[in-house]
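FYI, this note's numbering numbers position 194 of the sequence shown as 205, with every residue one higher than the one before it.
For reference, the structure discussed in these notes is given below.
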Amino acid sequence: MKFKINFSIVLICILMIPFYSKSQALETEESKPLLPGQVELGTGLEYQISTEGTEKALPMAIEVGIAKRLTLLVEPVAFTTISPKIGNSSTDFGDLEATLFFQIAKEKKIMPSISLSAEVKFPITHNPKIGTGKTDYSPYFIASKTTGKFFTSLNLSYTILGKPADAQIKNIFGYALGTIFTVSKKSILFGEVYGNTSALVGGETPEGQIPLTSSTIQISELTGGETVGAIGFGFYLKKELLLSLGINYDNNAALLIRPGIEWKFGGKPKP
Numbered sequence: 012m013k014f015k016i017n018f019s020i021v022l023i024c025i026l027m028i029p030f031y032s033k034s035q036a037l038e039t040e041e042s043k044p045l046l047p048g049q050v051e052l053g054t055g056l057e058y059q060i061s062t063e064g065t066e067k068a069l070p071m072a073i074e075v076g077i078a079k080r081l082t083l084l085v086e087p088v089a090f091t092t093i094s095p096k097i098g099n100s101s102t103d104f105g106d107l108e109a110t111l112f113f114q115i116a117k118e119k120k121i122m123p124s125i126s127l128s129a130e131v132k133f134p135i136t137h138n139p140k141i142g143t144g145k146t147d148y149s150p151y152f153i154a155s156k157t158t159g160k161f162f163t164s165l166n167l168s169y170t171i172l173g174k175p176a177d178a179q180i181k182n183i184f185g186y187a188l189g190t191i192f193t194v195s196k197k198s199i200l201f202g203e204v205y206g207n208t209s210a211l212v213g214g215e216t217p218e219g220q221i222p223l224t225s226s227t228i229q230i231s232e233l234t235g236g237e238t239v240g241a242i243g244f245g246f247y248l249k250k251e252l253l254l255s256l257g258i259n260y261d262n263n264a265a266l267l268i269r270p271g272i273e274w275k276f277g278g279k280p281k282p
C-alpha cells in the first residue's frame, strides 16, 4: 500500500514546533546533560539538493533530563520524501532513534566534560528507499570544552548495522567536531565537520542512490564514506527559545538547508 502524506497533520506538527519537538542546530552531540526534569524540544525542516535529485524531511526530537547526569533523547521523523531525477518519488515516515547519555566527568579548568552514550535506531519505515528495516546500535564518546566564547564538542562513534538480507555491508565509524561561538546574548554562530566511513564492501555508493545526511535518518548507513561541512546562525527570541538556520555541503556535492527551532524549559539545579 502506498504511503500518502496527510498534509493537515504535517501542518499541525509544524505549528506545534515550540510545544512538541526538538531540533539540534548541530549534528555534533555535546557533553552537557539537561537538568533533572528539564525538557528540550524542537524540529528542523530539511531540504537537500544533489545531482541525483532532492530530499525533504521533518525530523523531530524530544530530550529529557532523567537524573543529574543522565539524559534521554528520542528522535522521530514525521515524514521523509526522496525525489530522484530518474524514477518515482518515495514518501514515508523515517526511522526512530533513541539515545541515552551519561556524563562521566564534568568540565574543569583544563579537562573537558566527557559523556558516553548508547543509541538505538528502530526501523519504523518499511520503504526500502528510505530505511533498511533493521535495528542499528551505536556507542558514542563525547567530549566538550568551553574556551572563551567558544563551546566545542568532539564525537567518536561505532555503528553496528542491522544487515539486510540482500546487502553486503560492514559496520561504520563516525566522527564529528563542532563549535558554537557566542556573538551576543541574543545570537550565536556555529560550524562543524562530521562524517562516517563506508558501509559498503569496496566503499562505493550504489549507482543512482541519492547521498543522504545522517540527520535525515534514512539509508545513509548504506552509502559510501561521507564527509559533511556545516555552518549556521542562531537567534534567541527569548532565553530558552532558539531559531536557527544551517547549511550543509558534503563530499557528494549535496547541499542541505535546514531552518530549525528549539525550546528548553523546566528543571532547576538542586541547591
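By construction, the Cβ of each residue, glycine as well, lies at the ideal position given by its N, Cα and C atoms.
Return the CA-CA distance between residue 139 and residue 202, expressed in angstroms with no decimal places.
32 Å
Might you give, ordered along the chain, the residues of its own chain that have their beta carbon closer than 7 Å to the beta carbon of residue 279, omitting 5 neighbours on each side?
46
Following the continuous beta strand (DSSP E) through residue 91, name the residue where it begins and the one where it ends.
88 to 95
For residue 251, which residues from the same chain have a beta carbon less than 7 Å from its beta carbon, with the 5 sequence-adjacent residues on both sides left out?
274, 275 and 276
Classify residue 70 as helix, strand or coil using the three-state DSSP reduction.
strand
Could you give the distance in angstroms between the alpha-carbon of residue 218 and the alpha-carbon of residue 163?
Reliability of the predicted coordinates at residue 218 is poor, the pLDDT of 41 falling under 50, and no value is obtained from them.
Rounded C-beta distance between residue 263 and residue 61? I'm assuming under 8 Å.
6 Å
Cα-Cα separation, residue 245 to residue 176:
43 Å
Thinking C-beta only, is residue 169 closer than 8 Å to residue 184?
yes
Taking the alpha-carbon positions, what's the residue 270 to residue 133 distance?
25 Å
Residue 198 - containing beta strand (DSSP E), residue span:
198 to 207
Mapping DSSP to helix, strand and coil, what is residue 236?
coil
Three-way DSSP call (helix, strand, coil) for residue 105 in this model
coil
Helix, strand or coil at residue 150 according to DSSP, with G and I counted as helix
strand
Just tell me which of 89, 66, 116 and 166 has its CA closest to the CA of residue 129.
166
As a quick exercise: from 84, 99, 136 and 182, pick the residue whose alpha carbon is nearest that of residue 53.
84
To which residues of the same chain is residue 149 closer than 6 Å at the C-beta, ignoring the five residues directly before and after it?
130, 168 and 170
Rounded C-alpha distance that separates residue 55 from residue 71
7 Å
Using a Cβ-Cβ cutoff of less than 6 Å, which residues in the same chain neighbour residue 207 once the five nearest sequence positions on both sides are dropped?
183, 185 and 237
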